[in-house]
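Here the sequence shown stands for residues 1 to 248, where the numbers follow UniProt numbering.
Quick reminder that beta carbons are idealized off the backbone N, C-alpha and C, glycines included.
In this text, all values refer to a predicted model and were calculated from it rather than measured experimentally.
One structure below.
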Amino acid sequence: MGLQINNISVSFAGNTVLNDLSIPEIDAGEMVSLIGKNGAGKSTLLKQMTKLVQFNPKSVTLDGKPLVLGDIGYLPQDHRISASITVVELLITTMHVGVSSLFTRANSAEKALALLEEVGIIHLANKLCTELSGGESQMVGLAQAVINQPKVLILDEPTSALDMSNQLKLLEYVRRYAVNNKACVLMVVHDLNLAIQYSHKVAALHDGALFVYGEPKKIIDPQLIQDVFNVNSQVIHLEDHPVVVVRH
C-alpha cells in the first residue's frame, strides 16, 4: 500500500479548480510528477493535501490510515527563510519542532551536517538564511523538508529557482531519498524532460481533473502535449531516451 488521494474538490469565488480529483495510489519509493498548464490545479492540490490532513483525513491516506502532518515533508514554491540563523541552526531547529524536551536530540548538529553533505550543500552550513540566494534557499528548503525523514514528500516546483546543475542535484537526491526511505514523492514539474527522466509516473491535470496517468515514457507524446498544453511538439529519442522538442 502507499499514498492515496481521493475525491478532492476545490473552488475559489465560484470557480472550480479541482473537480472530485483522485490520483491512483502512489507506491512507497515512487516519484510522481504533476504536469499541466498554469491554473490546472497542480499547486492547489498540494496545498489542499496539507489542509485535508487536518480537516478531512479520509481524503488523503498512507497505507490505509489517515496521513498525519508529521509524515509530510513540504517544499513550497519560492521557498524563503526569514530567520537570521545559519543553515545548520535551521535544520537543528526543524529537528526539534514538536519536541517538548528542553534538551536537543543527540548528535543533532552531526545529523544536520551529514544531510547537507548528502544534498551537496555543505558549503552553506554556516551561511545566514537571510543571505541565501533564491536557488540556495530552495536547496536548503529541500534539506529542511527531509531532515525528519518524512514518509511523504510534497514538492511544489522544486526546480523553478535552480540552474541546470542544481536541478539535477536536487532531483537525484529526491530519487535516492524516495528509494532509500521507501517514501512517496509527489511534485509539480514544468519541464517535461525532467518529468520523463526522474518520475516513475506522471499525472497530467487538465481543467481541474486527471487527464491521464501513467509511466512518462509511455504517455508523454505530441498528442498529450497538444491536448494539455496546446503546444505543437515532437518527441525524439536519444539512446532510447525520449526528449520533448517544441516545434514552431
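For residue 117, the enclosing alpha helix (DSSP H) starts and ends at 108-119. A residue is called buried once 16 or more other Cβ atoms fall within 10 Å of its Cβ, and residue 57, having fewer, is exposed. Here residue 170 has 139, 142, 158, 159 and 162 as same chain residues with Cβ atoms under 7 Å from its own Cβ, once five neighbours each way along the sequence are excluded. About 16 Å separates the beta carbon of residue 52 from that of residue 42, a gap too long to meet the 8 Å contact definition.
The residues 129 and 130, in chain order, have a CB closer than 8 Å to that of residue 82 in the same chain once the five nearest residues on each side in sequence are set aside. Inter-residue distance for residue 155 and residue 46 is about 8 Å (C-alpha atoms, whole angstroms). In this model, residue 150 and residue 233 are separated by some 37 Å (Cα to Cα). Under the Cβ criterion (8 Å, minimum of three pairs), the region 110-127 counts as touching the region 83-95. Assignment of residue 88 by DSSP, reduced to helix, strand and coil, places it in the helix class. A straight-line Cα-Cα distance of about 26 Å links residue 243 and residue 77. Listed in chain order, the non-local C-beta contacts of residue 175 below 7 Å within the same chain comprise 31 and 198, local neighbours out to five positions each way being set aside.
Taking C-alpha positions only, residue 225 is separated from residue 126 by approximately 44 Å. According to the DSSP assignment, residue 226 belongs to no beta strand (DSSP E) but to the alpha helix (DSSP H) extending over 222-229. Annotation for residue 196: the continuous alpha helix (DSSP H) segment containing it runs 192-198.
With the rule of 3 Cβ pairs closer than 8 Å, the region 18-29 counts as touching the region 200-220.
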